[in-house]
Amino acid sequence: MSAFFLFHNKQVRNPAELAQYKTAVAPVVAAHGGRYRVLGGQPTVVEGDWRPSFLVMIEFPSLERATAWYGSDDYKDLKAMRLSAVDSDGVLMTGIEETSA
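When the letters of the sequence shown are read in order and numbered with this note's numbering, they come out as residues 17 to 117.
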């Protein structure tokens, strides 16, 4: 079953550091089986009063692969860089189990 990280970058504190992070993180995500599903875009609020500014969704083949990426030595320094560069929220969730129809 797939797993998804959803990050909401609420405010950028250090644009140069964030640019460096964006360049370095994509190959690390791919090496762990991750695929970007959403990267920014133009969010439109259809319910509630949420004001998203920049959303990132990454899909992994399984919850195990997702948690392995997030806790990996490959990502450790990059995660610290991202957390220094932006004020963000993040969640990890499982997808729905696919069934044969």
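Glycine included, C-beta positions come from ideal geometry on N, C-alpha and C.
Quiz item: At what residues does the beta strand (DSSP E) containing residue 107 begin and finish?
Solution: 102 to 110
Practice problem: Flag this pair as yes or no: are the beta carbons of residue 76 and residue 50 separated by less than 8 Å? | Solution: yes
Quiz item: CB residue 111 to CB residue 20, shorter than 8 Å?
Solution: yes
Quiz item: Quick one, which of 89, 48, 82 and 61 has its alpha-carbon nearest residue 71's?
Solution: 61
Quiz item: Out of curiosity, what's the CA-to-CA distance linking residue 73 and residue 91?
Solution: 16 Å
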